[in-house]
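Be aware that the sequence shown starts at 1, since it is given in the UniProt record's numbering, and climbs by one per residue. Just so you know, even glycine gets a beta-carbon here, dropped at the ideal spot from N, CA and C. All of these numbers come straight from a predicted model, not from anything done at the bench.
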Amino acid sequence: DGFGSSDIKTCCKSKYLLHWSPDYDVSADSCADYPDRASAMEVRLQAQEDEITLLKSSLADALRRIHVHDQLQSRPATLDKSTQTQTAMLFEDGEPDKVLLSREVQDLHLEDALPPGQPVLEEVQAKLRHDPGVEDEKEDEKHSRHEDKDPTWTSSVEETIQPTTVRCLQREDSRDGSCSPEGPSSAPASLKGSDQNLSSRAGPLSIIQERQKTLCVNLSHLSLLFHWCYIYGMFPNSLVCYCCLYVPGQSIKMFIRGRPITMYVPSNIHNYEDLKMELPSERLVLDWVYGYRGRDCRDNLFFLPTGEAVYFIACVIVLYHINKRTQRHYLKHTDCVRCLTLHPDKVRVASGQTAGMDKDGKPLQSCVHIWDSNTLVTLQQIGLGTFQRGVGSLAFSFADSGAFLSVIDDSNEHMLSVWDCTKGTKQAEIKSTNEAVFAVGFSPTDSNIIVTCGKSHVYFWTLSAGQFTKKQGIFGKYKKPKFIQCFVFGLTGDVLTGDSEGNILTWGKSAADVKTLGKGAKETFQIMRQTRAHEGSVFTLCSLQGGALLSGGGKDRKIIRWSADLAPETECEVNYTLVDEGEFLVGTTRNAILRGTFSDGFVAIVQGHVDEMWGLATHPSQNIFLTCGHDRQVCLWNTEDHSMDWCITLEEYGLCADFCPSGSVVSVGLSTGRWVVLDLLTKEVLSDSTDGNEQLSVMRYSPDGSFLAVGSHDNFIYIYSVTESGRCYSRLGKCNGHSSFITHLDWSKDGKYIMSNSGDYEILYWEIGDGCKLLRNRFESKDREWASYTCVLGFHVMGVWLEGSDGTDINALCRSHSERVVAVADDFCKVHLFQYPCPKLKAPSHKYEGHGSHVTNVRFTHNDSHLLSMGGKDTCILQWRVVRGGAGSSRERLPSASSTSTSSPEPAATEFILIIDEEETNPFHLNQC
1 DGFGSSDIKT CCKSKYLLHW SPDYDVSADS CADYPDRASA MEVRLQAQED EITLLKSSLA
61 DALRRIHVHD QLQSRPATLD KSTQTQTAML FEDGEPDKVL LSREVQDLHL EDALPPGQPV
121 LEEVQAKLRH DPGVEDEKED EKHSRHEDKD PTWTSSVEET IQPTTVRCLQ REDSRDGSCS
181 PEGPSSAPAS LKGSDQNLSS RAGPLSIIQE RQKTLCVNLS HLSLLFHWCY IYGMFPNSLV
241 CYCCLYVPGQ SIKMFIRGRP ITMYVPSNIH NYEDLKMELP SERLVLDWVY GYRGRDCRDN
301 LFFLPTGEAV YFIACVIVLY HINKRTQRHY LKHTDCVRCL TLHPDKVRVA SGQTAGMDKD
361 GKPLQSCVHI WDSNTLVTLQ QIGLGTFQRG VGSLAFSFAD SGAFLSVIDD SNEHMLSVWD
421 CTKGTKQAEI KSTNEAVFAV GFSPTDSNII VTCGKSHVYF WTLSAGQFTK KQGIFGKYKK
481 PKFIQCFVFG LTGDVLTGDS EGNILTWGKS AADVKTLGKG AKETFQIMRQ TRAHEGSVFT
541 LCSLQGGALL SGGGKDRKII RWSADLAPET ECEVNYTLVD EGEFLVGTTR NAILRGTFSD
601 GFVAIVQGHV DEMWGLATHP SQNIFLTCGH DRQVCLWNTE DHSMDWCITL EEYGLCADFC
661 PSGSVVSVGL STGRWVVLDL LTKEVLSDST DGNEQLSVMR YSPDGSFLAV GSHDNFIYIY
721 SVTESGRCYS RLGKCNGHSS FITHLDWSKD GKYIMSNSGD YEILYWEIGD GCKLLRNRFE
781 SKDREWASYT CVLGFHVMGV WLEGSDGTDI NALCRSHSER VVAVADDFCK VHLFQYPCPK
841 LKAPSHKYEG HGSHVTNVRF THNDSHLLSM GGKDTCILQW RVVRGGAGSS RERLPSASST
901 STSSPEPAAT EFILIIDEEE TNPFHLNQC
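Shown next as C-alpha cells:
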C-alpha cells in the first residue's frame, strides 16, 4: 500500500524508533523480521512534514530574493554590505541603483506560491530573515526593521524542506520584452529549456549551478526576470522547488533529501563547468585482514597441507600461513561468507555466502563456491539463486572421495540438498525443519546417509534413488536439550552429539519394537549412552586417529581429550600463555584463533573485535592505528607486523578516537559523553572528562596539538586547550550553533578555524582563537586550507555523493596527506577511491569489495602507504596497500599476499584444529584437519 523499499530503509536507519539484534539461539529466519509497520508509517509521516517545511522555506527564500532587488530600485543605500557586494558582482559594468524591476516581479507575494485558499502562517513569515552566506544577528535584524518599515523578506538557503503539493508559478517581464538580442520570443524559450534541463537532473541529491540564463541583465536597459523551477524528486509524493539565481563564480547548490546546501566555489576555480573528474592513478590492493568470524559461525577453521589455516571474516576467506605469517585471500564472494568445508583431498574448499541485499533493497542471489586452495581459482559455482537467504552449512562426502556436497540453506524450511561436485547439478532436495539447523555431514562409510542437528533435534537421512527418508533421533528417558550443537561419527558408525546441557550423547540403531509399535515397525535411532562432559554447552567435537575424541566447552573454557570409550584422559583451560610450539588451533566466539598445546597453554595468533566498530585513528608518525567499538575494547594495532600491540576494556563503548600530534597519547570518545586520554606505552588513563550526557561522535586535535575539539550528539563542539604534550586539558569554550548532532569536523592548517558537519546536512565554520565564534559569512571560508578533510559535506568532496543518496549513505571519508586522493566508506559495503578534489557530481572512482557490512570508517596511515577500512557489524578491519600508477582494473579481485620479517617457530606436529567457545553464547562445531 505504498510502503516501499525506501521507507523500509528509512526505518532501519532510525535508531531512535527501531532496533533489533540477531539472536543466534533461535531460528535463522529471525534475521528476516521487518520493522513494525506502525512505526514505519510514523517515520514516513515525519518525512512528509519535513517536505512541507522545505516548501515553505524555498518559497520564502525566493520571495526574499525578489524583495532584495525591489529595494535596489527605491532604497539601495539601506542594503547591508554583503548585499551590496553581491550586487556589484552581478553588474560589473553597471550601477546597482539603476536596476529596474518589472511591476509583475514587484507584485509577487508568498501567497502567490501557495495553493488556492492556503493561508500564510506567521511562523513561516518569521523565518524570512537571512541573506545568502550571511546569518544576521538579532541586533542587526532589529536595526534593519527600525530603519526601514518595508519588511525585507529573507530566508536561509539551508532550511529543511520538501513540498508535497505546489502550484507552478512563473513570472515574466512583459514590458521589457527580452534580455537577449534575438527578440521578445527568445526569453521564454530560453527559460523553458533551462527548466527542462534542470528537471532532467532532479533527484534527492542534485547539484545546481546558478546559471546566467535564469537572470537576464541588459546593461543598456537593465531589468530582472526571475525564473521559478520545479523539479520532481525521487521520493514518493515529493516535489523539490528551486529558485535559481546565478552569481558568477560564487556558489552552487547541492540538495540532499530536499535540503539545499550552498557550496562556495574557491577563488582558484574560474570555470566550474570546465572541471574534469578523472579516476585517480592510485589504486588499492588488499594487504591484510584483521579478525575472524567465530561469534556466530561454526565449522569454519581448517588446516591445509601448505601450512596455512583457512578461515573467513566478512566477504574474505583468509589463508594464513602460521609460520611465515603471510596471508592470501579468496575474494570471489559478493556478500558475507557463512560456512566453509574442506574436501577430503585437502586441496579443494567449498564456501557458502548469504544472499544479502543490494542498495535498493532487492535480494541478491547466494551460491556455493568450490575453489582450489593452491591457485585460488574457482572450480565450480553451485546453486546460484537456489538457496534462499543464504547457505548455512556445508559438508563433502567421504566414502566416494568427495563426489557430493550436502547443503543446508537459510530459508524457513532449511532445505537440505545434495549436489554433484563435478557437474554442479542437484541430485536431491527436501525440506528439513522449521527449526534452526547447525550442522550437516555425510557418514564416512556411506554417502547415502546424512545427519543433521540443530534446535532440539537430530535427524538421520537416507538418500535412495533421488529421494530422502528421514528418521528422528528418539530421546526417550533422557532430557531433550534445547540445542544439539555438533556431532561426529565414531569408529563403530555410532553418532556422538554435543548439546547445550553439557552432555555427549551416543546414538545408535535399535531393532524394531514390534511389541510396542506393532507389525511393520522399523528400526529407530536412540540414545545408547550419555556422558557428562562440560559445565554449560558442548560446542565442538573432533575425532582423532585411533578413536580418541576432543571436546570444547563454552562456560568452563576447557578442552578435554577422551579415549575411544569416552573416558577423560586430559584437559586444559584455554588461556593466552605464550608457547614455543603448537599442536592445536582453536577458534573462539571472541573472534580469536589460538595456537597451543595441552601442556603449555595457548597464544592468540588472530584477534579481532566482537561487536560493531566505529572509532579508527592512525598515528601521526608511526605505523600503528587504534580501533574501538561496541564491545568496549580499545585496541592498538601494528600495520607492519599485523599484530595487536595491546587491548584494554573500558566501562563504556568507544565511538571515536584521535592521536595527539605529539604521538604519545590518544583520546577516545565514549557513548555516554565521557572521553579518556590514554598513554600509548603504559595504557594508563591520563585524563577523564565528560561533556554532556550523549554519545561523542568525533575527536580531533588541532595540527599543532594545542587544541582538542570534541563533537557530541548534543549538537555542541567542546574546545579544550591542550598542554604538556597532550597530558593536560582545560576547557576553552563550546561551539553552539548546530541544530543537529555533530558528525564530522576538521581543523584549518593554521589551527584557528574549524569546519563541521551535522546530522541535518549543515556545514558551519568556527573561529576558535576568538572564543568559539560562529562565522556567519561562510563565503569568507571558501579559500581556507584544511589540515585534514574528513567532513563528508563540502565543495571539495561533492562528487563522492552518488545520485539518489539519502544523506546517510556515506559514513566517513578521508583525504590522503598528499592531498591527491580521498577514500570513502559507504553503507553498501564498498570502499571508494576518488581523486581530490572532486567537486562535481558523478565523479568516477575505484570501487573495492571485501566488507560484509556498512563500512564505518577509513583512514590513511601517516605516510599514505596504506589505507585502513573498518566494517560495522562484520567486525572486520581491512588493510589496503596504496599502489601509485599501477595498471589493472580496480574491480578485479586478485589474490594478494603480505609478509613480515618475523616468523614463529615451526610446530612439531600440527594434527588438528578445533573451534571452541570462550563464553556460553553460541553453538560451534569442530573440524579435523
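(1) Got a sec? Which residues, its chain only, sit under 6 angstroms from Y16 by beta carbon, not counting five neighbours each side?
(2) How many whole angstroms separate the CB atoms of G392 and D410, which I take to be in contact at a CB cut-off of 8 angstroms?
(3) Quick one: which unbroken alpha helix (DSSP H) runs of 4-plus residues sit fully inside the region 514-577? Chain order, please.
(4) Could you check where the beta strand (DSSP E) with N503 kicks off and where it finishes?
(5) Counting along the chain, where does the beta strand (DSSP E) carrying S667 start and finish?
(6) Can you tell me whether M528 is buried or exposed, with buried defined as 16 or more other CB within 10 angstroms of its CB?
(7) Would you say S662 and G726 are within 8 angstroms of each other, going by their C-beta atoms?
(8) Which residue's Cα is closest to the Cα of G454: G441, N448, G466?
(9) Whose C-beta lies closer than 8 angstroms to the C-beta of S643 among residues of the same chain, with five residues either side of it excluded?
(10) According to DSSP, is I408 helix, strand or coil?
(11) So, are the CB atoms of W786 and L775 less than 8 angstroms apart?
(12) Less than 8 angstroms between the beta carbons of V310 and L340, yes or no?
(13) Suppose you measure from the CA of V586 to the CA of T597; what does that come to, to the nearest Å?
(14) What are the boundary residues of the beta strand (DSSP E) that includes K423?
(15) For H630 and E612, which I take to be in contact (beta-carbon distance under 8 angstroms), what is that distance rounded to the nearest angstrom?
(16) If we ignore side chains and look at the alpha-carbon of each, how far apart do Q327 and V316 end up?
(17) What does the alpha-carbon distance come out to for the pair A88 and A843?
(18) What residue ranges within the region 257-335 form continuous beta strand (DSSP E) runs of no fewer than 3 residues, ordered along the chain?
(19) Within 8 angstroms, do at least three Cβ pairs link the region 411-423 to the region 353-366?
(20) Under 8 angstroms, do L405 and I382 count as touching if we go by C-beta distance?
(21) Enumerate in chain order the residues of its own chain whose CB-to-CB distance from Y292 is below 7 angstroms, with the five nearest sequence positions on each side excluded.
(22) According to DSSP, is D372 helix, strand or coil?
(23) Taking the alpha carbon of T618 as the point to measure from, which residue in D600, V800, C656, F602 has its own alpha carbon closest?
(24) Which residue wins for smallest C-alpha separation from N300, given the options R325, Q353, S417?
(25) Can you tell which of F302, V349, S845, K346 has the C-alpha that lies nearest to the C-alpha of V831?
(26) Measure how close the beta-carbons of G390 and A350 come, nearest whole angstrom, since I'm counting them as under 8 angstroms.
(27) Bridge partners for R595 per DSSP, in chain order?
(28) How far does the beta strand (DSSP E) with L708 in it extend, from its first residue to its last?
(29) For the region 741-756 against the region 791-808, are there 3 or more C-beta pairs whose distance is under 8 angstroms?
(30) Examine the Cβ distances between the region 777-784 and the region 798-806 and report whether three or more of them are shorter than 8 angstroms.
(31) Closest to F483 by CA distance: which of F584, E308, H457, Y848 is it?
(32) Let me make sure I understand the geometry here. Which of S510, Q530, A533 has the alpha-carbon closest to that of E523?
(33) Taking 7 angstroms as the limit between beta carbons, can you name the residues of its chain near G872, skipping five residues before and five after?
(34) Should S30 be labelled buried (16 or more other beta-carbon atoms within 10 Å of its own) or exposed?
(35) Within 8 angstroms of any Cβ in chain E, is that where the Cβ of V538 sits?
(36) In whole angstroms, what separates the C-alpha of R731 from that of K752?
So, from the data block:
(1) Residue numbering aside, residue 16 sits at position 16 when the sequence shown is read from its first letter. Confidence in Y16 is poor, its pLDDT being 34 and thus under 50, which makes the residue's placement unreliable; the coordinate value appears in the next sentence. None.
(2) As a first step, residue 392 is located in the sequence shown; it is residue number 392 there, counting from the start. As a first step, residue 410 is located in the sequence shown; it is residue number 410 there, counting from the start. About 5 angstroms; that satisfies the 8 angstroms criterion.
(3) 514-517
(4) For the purposes of this step, residue 503 is taken as residue 503 along the sequence shown, with counting starting at 1. That run of the beta strand (DSSP E) goes 503-510.
(5) Numbered from 1 along the sequence shown, position 667 holds the residue referred to as residue 667. Note, S667: beta strand (DSSP E), 665-670.
(6) Within the sequence shown, numbered from 1, the residue matching residue 528 stands at position 528. By the neighbour-count rule (16 or more Cβ atoms within 10 Å), M528 is not buried but exposed.
(7) Taking the first residue of the sequence shown as 1, we reach residue 662 at position 662. Taking the first residue of the sequence shown as 1, we reach residue 726 at position 726. Closer than 8 angstroms, so yes.
(8) Here residue 454 refers to the residue found at position 454 of the sequence shown. The option with the nearest alpha carbon to G454 is G441.
(9) Here the question's residue 643 lines up with position 643 in the sequence shown. So the qualifying residues of the chain are W637.
(10) Indexing the sequence shown from 1 puts residue 408 at position 408. In this structure, I408 counts as strand in the three-state DSSP scheme.
(11) Residue mapping note: residue 786 aligns to position 786 of the sequence shown, counting from 1. Residue mapping note: residue 775 aligns to position 775 of the sequence shown, counting from 1. No, Cβ-Cβ distance for W786 and L775 is not below 8 angstroms.
(12) The residue you call residue 310 lines up with position 310 of the sequence shown. The residue you call residue 340 lines up with position 340 of the sequence shown. Yes, the Cβ-Cβ distance between V310 and L340 is below 8 angstroms.
(13) On the sequence shown, position 586 is the one that residue 586 refers to. On the sequence shown, position 597 is the one that residue 597 refers to. Cα to Cα, the separation comes out at about 10 angstroms.
(14) What you label residue 423 is simply residue 423 of the sequence shown in a count that begins at 1. Unbroken run through K423: none, as it is neither H nor E.
(15) To locate residue 630, count along the sequence shown from 1; it is residue 630. To locate residue 612, count along the sequence shown from 1; it is residue 612. Confirmed, about 5 angstroms.
(16) Mapped onto the sequence shown, residue 327 falls at position 327. Mapped onto the sequence shown, residue 316 falls at position 316. For Q327 and V316, the distance between alpha carbons rounds to 11 angstroms.
(17) Locating residue 88 in the sequence shown gives position 88, where the first residue counts as 1. Locating residue 843 in the sequence shown gives position 843, where the first residue counts as 1. Because A88 sits at a pLDDT of 35, beneath the cut-off of 50, its placement in the model cannot be relied upon, and the following sentence gives the value as read from the coordinates. Approximately 33 angstroms, taken between the alpha carbons.
(18) 259-264, 282-290, 308-313, 316-321, 326-330
(19) no
(20) Taking the sequence shown and counting its residues from 1, the one referred to as residue 405 is at position 405. Taking the sequence shown and counting its residues from 1, the one referred to as residue 382 is at position 382. In contact: L405 and I382 (Cβ atoms closer than 8 angstroms).
(21) What you label residue 292 is simply residue 292 of the sequence shown in a count that begins at 1. Contacts found: Y311, I313, G587, N591, A592, I593, V606, G608.
(22) The count along the sequence shown starts at 1 and reaches residue 372 at position 372. In the structure shown, D372 sits in a strand (DSSP, three-state: E or B).
(23) The residue labelled residue 618 in the question sits at position 618 within the sequence shown. Considering only alpha carbons, the answer is C656.
(24) Taking the first residue of the sequence shown as position 1, residue 300 is located at position 300. If we check each option's Cα against that of N300, Q353 comes out closest.
(25) As a first step, residue 831 is located in the sequence shown; it is residue number 831 there, counting from the start. Cα-wise, what sits closest to V831 is S845.
(26) Residue 390 sits at position 390 when you count from the first residue of the sequence shown. Residue 350 sits at position 350 when you count from the first residue of the sequence shown. Going by Cβ atoms, the distance from G390 to A350 rounds to 14 angstroms, so no, they are not a contact pair.
(27) Taking the sequence shown and counting its residues from 1, the one referred to as residue 595 is at position 595. DSSP output for R595 lists L585, V603 as bridge partner(s).
(28) The sequence position of residue 708 within the sequence shown is 708, counting from 1. Looking at the DSSP string, the run of the beta strand (DSSP E) that includes L708 is 707-712.
(29) yes
(30) no
(31) Stepping through the sequence shown from its first residue, residue 483 is reached at position 483. The shortest Cα separation from F483 among F584, E308, H457, Y848 belongs to H457.
(32) Here the question's residue 523 lines up with position 523 in the sequence shown. Checking every option, the nearest Cα to that of E523 belongs to S510.
(33) To locate residue 872, count along the sequence shown from 1; it is residue 872. Taken in chain order, the residues that qualify are E612, M613, S853, H854, T856.
(34) Here the question's residue 30 lines up with position 30 in the sequence shown. With a pLDDT of 39 at S30, under the threshold of 50, the modelled position of that residue is not reliable, and the figure given next carries that caveat. Exposed: under 16 other Cβ atoms inside 10 Å.
(35) The question asks about chain E, but that chain is absent: this structure has only one protein chain.
(36) As a first step, residue 731 is located in the sequence shown; it is residue number 731 there, counting from the start. As a first step, residue 752 is located in the sequence shown; it is residue number 752 there, counting from the start. Each residue's Cα considered, the two are about 16 angstroms apart.
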